[in-house]
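A.B. asks: 40 is the number of the first residue of the sequence shown in the numbering used here; add one for each residue after it.
Before we start, here is the structure in question, set down as structure tokens.
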Amino acid sequence: MAKVAFLGLGVMGYPMARHLKAKGHEVTVYNRTAAKAEQWVSENGGRAAKTPREAAEGQEIVFACVGNDDDLRQVTLGPDGAFHGMGKGTIFVDHTTASAEVARELYAAATEKGFAFIDAPVSGGQAGAENGVLTVMCGGDAEIYAKAEPVIMSFARACRLLGSAGSGQLTKMINQICIAGLVQGLAEGIHFGKKAGLDIEAVLEVISKGAAGSWQMENRGKTMNQGKFDFGFAVDWMRKDLSIVLGEARKNGASLPVTALVDQFYADVQKMGGKRWDTSSLIARLDK
Ligand code: NAP
């Protein structure tokens, strides 16, 4: 069993840290809003630290899951950041969805200080975190990854090293590219079916068994048809992720015309008041 810390007890981090504790690891938590860390300790045991630095001191592995690049820099390199408390030979595992650039920057900073860094964004949403069945995409060094993987598996059903620092974030970008275009296609299909006067539930039931079937169709098709958008991953978060994707594509020369367009469609949804709606709400701008 390992001595670990978890920084950032949000929608994702709170249950992820709970799974670490449930698997028998010794867990210290830190959250910017201290009340949430105290609540976590009252529910799960363990210890709450006042700063990321204090949380990191004396740990073997430190996990983080905060908002974006700037938040991540703050909890790692900031005045009371975790990187000032990490011991030699320890591992920092970051589950934030962030840029490949910040992953490489933090990998270099960690190496200079004598510890390791793995970028490890996740997929599977709130339900995946609650149920401990996330998919984790990692970038970093193989021998370090081998030590971290069994601990990461406390809250995951799949975890894989995809290459050097930043490769986990690049893989998550591909994940989001694949989702964006697909959800728009699904939205257009359902919208078309309504205009054609068909029974959408019956349509989805039959076509989901064929080549058009997808996770999104299985899990979101029915609720998209009902105009219900309260299922986790928010439009604001998706726009953050797509901005990371489009920034990376500008650098590596990839052509992402559909992703860029769907990003603008999500901007429309934000203007309709859908910032916190889930990503299946693309259909709302067609049905309005
Ligand atoms: P969330 O509920 O908003 O939680 C964010 C957490 O980060 C909170 O604990 C927050 O502290 C902390 N935080 C933010 N900025 C900080 C800063 N500058 N300094 C210190 N702490 C800071 O977000 P989430 O849904 O858990 O998502 C976390 C990450 O996972 C994001 O990168 C997101 O894109 C990614 N992700 C989310 C999902 C999902 O379905 N939600 C799925 C896959 C990936 P406070 O409590 O003080 O605000």
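We put the CB at the ideal spot given by N, CA and C, even for glycine.
(1) If you drop the 5 nearest sequence neighbours on each side, which residues of the same chain put their C-beta closer than 7 Å to that of CYS104?
(2) Tell me whether THR150 counts as near ligand 1, meaning its Cβ is closer than 6 Å to at least one heavy atom of that ligand.
(3) Rounded to the nearest angstrom, what separates TYR305 and GLY126 at their Cα positions?
(4) Counting pairs of beta carbons, one from the segment 192-208 and one from the segment 170-177, are three or more of them closer than 8 Å?
(5) Quickly, what does DSSP pair GLY171 with across the bridge? List them, please.
(6) Note down, one range per segment and in chain order, each beta strand (DSSP E) of at least 3 residues found wholly within the segment 127-215.
(7) Taking 8 Å as the threshold, find out whether the segment 292-305 comes into contact with the segment 234-242 through three or more Cβ pairs.
(8) Would you report the Cα separation of GLN121 and PHE231, rounded to the nearest angstrom?
(9) Excluding sequence positions up to five away, which residues of its chain have a Cβ less than 8 Å from the Cβ of ASP307?
(10) How is the alpha helix (DSSP H) around PHE304 delimited, first residue to last?
(11) Spatial neighbours of ARG278 within its chain, please: CB distance less than 8 Å, with the 5 preceding and 5 following residues excluded, ordered by chain position.
C.D. replies: Considering the structure as presented:
(1) Once the five neighbours on either side are set aside, the close Cβ partners of CYS104 are GLY47, GLY49, MET51, GLY52, MET55, HIS134, THR135.
(2) No, Cβ of THR150 sits at least 6 Å from all heavy atoms of ligand 1.
(3) Take the alpha-carbon of TYR305 and the one of GLY126: they are about 42 Å apart.
(4) Enough Cβ pairs lie closer than 8 Å, so yes.
(5) Note: GLY171 sits in no beta bridge, so no partner.
(6) As far as the segment 127-215 is concerned, its whole beta strand (DSSP E) runs of at least 3 residues are 130-133, 155-158, 173-177, 195-200.
(7) In this structure the segment 292-305 does not lie against the segment 234-242, because fewer than three pairs of beta carbons, one per stretch, are closer than 8 Å.
(8) Checking the sequence shown, residue 121 turns out to be Ala, not Gln. Their backbone Cα atoms lie some 51 Å apart in a straight line.
(9) Contacts found: ARG324.
(10) DSSP places PHE304 in the uninterrupted alpha helix (DSSP H) bounded by 296-310.
(11) So the qualifying residues of the chain are ASP302, TYR305, ALA306, GLN309.
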